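All remarks here apply to the structure that follows.
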Amino acid sequence: MKHFVLLLTTLFLTYYASVEMAAVHAIKNNAQKNDQSPSAFSTPIHISGDKTFTNHTNAALKLLKNKAPSDYTMVITYIGKIQQHTFSGMAAYETPPAYKVGAITANASVTWYASTIVHDAYHSKLYHDYLYTYKEAVPDEAWTGMEAEMKCLEAQIQALIQIKAPKAEIDYARSLRGTNWWDLNGDGIYDAEDEKLRDW
Ligand SMILES: [Ca+2]
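According to mature numbering (1 follows the signal peptide of the UniProt record, and there is no 0), the stretch in the sequence shown is residues -22 to -1, 1 to 178, in order.
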């Protein structure tokens, strides 16, 4: 009887150890897959920039694809190119629509960077929705300015929640509701003058 119990215990421990080993292997395999993130992940968006920029951008897009798939679909629909730049802004009128990204944004946390991609994709969505509906030159207020910024900010906040961003980032984004952070010279419109003043 004693031997039997011992045998059972051994069998159980062997089984348990093998299950645990399988779990460890799975974790290691996943970790290796994650290590290869830039090569294992592919996106239809053309990424233009140095290696660090490309890695950060791929990581942000991959996070969106995994944790916020509907946002990712919106992003790949309305952004064709993500380009390293001196400051951040959405050139929705370019072909393909290009999100230009400054160093401060590209080097922020992956969750924050990802949320800005959603924000700027939404600007491009507003631009292209207008173009598709009215088939005429898109007025600035259709996709920039206070009303547009608030819509893009709400999309960004929802994305931050979806990708489980740190609470501080969600709180910060919420604190921007009703503010004109984008109007750096305070004239009520968003244009190249504000872009000149941007450091993000
Ligand atoms: Ca302005």
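Don't be surprised by glycine CBs; every beta carbon is placed ideally from N, CA and C.
No experiment lies behind these values; they were computed from the predicted model shown.
Check whether residue i and residue j have beta carbons under 8 Å apart
i      : j      : result
Ala70  : His34  : no
Tyr77  : Asp107 : no
Ile23  : Gly58  : yes
Val88  : Leu41  : yes
Asp49  : Ala137 : yes
Ile82  : Asp177 : yes
Gln134 : Ala151 : yes
Tyr90  : Ala46  : Checking the sequence, you will find Trp at residue 90 rather than Tyr. Not closer than 8 Å, so no.
Leu175 : Leu162 : yes
CA nearest to the CA of residue i, picked from the options
i      : options                       : result
Trp160 : Asn44, Lys145, Glu147, Glu125 : Glu125
Asn44  : Ile60, Ser20, Phe65, Tyr56    : Ser20
His63  : Tyr56, Asn158, Glu72, Ala84   : Ala84
Ser26  : Thr55, Pro74, Ala18, Glu171   : Pro74
Ala86  : Thr55, Thr30, Lys129          : Thr30
Gly166 : Ser153, Leu131, Asp118        : Asp118
Asp169 : Leu39, Glu127, Gln140         : Glu127
Every unbroken beta strand (DSSP E) within the region 58 to 122, with a cutoff of 3 residues, ordered by chain: Annotation: the region 58 to 122 contains the following complete segments of the beta strand (DSSP E) (minimum length 3 residues), in chain order: 59 to 62, 67 to 69, 76 to 79.
Lining residues of ligand 1 - beta-carbon closer than 7 Å to any non-hydrogen atom, in sequence order: Cβ-based neighbours of ligand 1 within the cut-off: Asp161, Leu162, Asn163, Gly164, Asp165, Gly166, Ile167, Tyr168, Asp169, Glu171, Asp172.
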